[in-house]
Amino acid sequence: MKIRFLLVFGLVLSQLTSFAQMDPFILLEKPGKQKSRVRYYPGDEIYWKFKDDKTTYNSIIAVISDSSFTTDQALTVPYVEIDQVLIPKGGGLKAVGLNAFWAIPPMIVLSAANNAFNTGRSPLVDEEVWYISAVFASISGIFFLLPDEKSRNLENKWRLIPIIH
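Under my numbering, the first residue of the sequence shown is numbered 32, with each subsequent residue one higher.
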């Protein structure tokens, strides 16, 4: 009974793997570096600059082919015309900076409420709260100075490769 169950289970599992099919993707890589790879699948947003153009374009990839990709706005972008691919960076750190900024007013209000209603101390806002608020404000200011994107020049060391199975 167990052998029959394992046999049926194995056949079902082998049939499920035959239905698996990989989606095509665009690989942005630096040759020889395993950690320097970025994959763009259909539905992902990509930022790029054309050769001899300083404007940054962005759109969502709809279809990937051998020589170009098509965006959701029906724009066909050939790979040979792309000069730079821009990778958005700093989103997590900017979120930390924003949360640090939004934490300042509640600290001041709660410290004032605690001293006004519970302890009756003066000054109304504790001195430590001002130091902590200054640290949080400097954290948010520093993190907002981080660059928004990293530029990958395709003419130098980076290359854009369509992978279609």
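The beta-carbon is built from N, C-alpha and C at its ideal position, and this holds for glycine as well. The model shown is predicted, which means the values in this text are computed figures rather than measured ones.
Residue nearest to residue 152 within the set 143, 39, 182 is 143 (criterion: CA-CA distance).
Residue 98: not part of any alpha helix (DSSP H); DSSP gives it neither H nor E. Contact between residue 116 and residue 77 holds: their C-beta atoms lie close to 7 Å from each other, under 8 Å. Between residue 79 and residue 88 a beta carbon distance of about 6 Å is seen, short of the 8 Å cut, so the two are scored as contacting. A buried status is given to residue 128, since no fewer than 16 other beta-carbon atoms sit within 10 Å of its beta-carbon.
Beta-bridge analysis with DSSP links residue 78 to 89, 117. Secondary structure at residue 181: strand, using DSSP grouped into helix, strand and coil. DSSP places residue 137 outside any beta strand (DSSP E); the residue lies instead in the alpha helix (DSSP H), whose first and last residues are 135–144. With a cut-off of 8 Å on Cβ pairs, the segment 163–174 is not in contact with the segment 100–117, counting fewer than three such pairs. The beta-bridge partner set that DSSP reports for residue 94 consists of 101. Inclusion of residue 175 and residue 131 in the CB contact set at 7 Å is not warranted, their separation being larger than that value.
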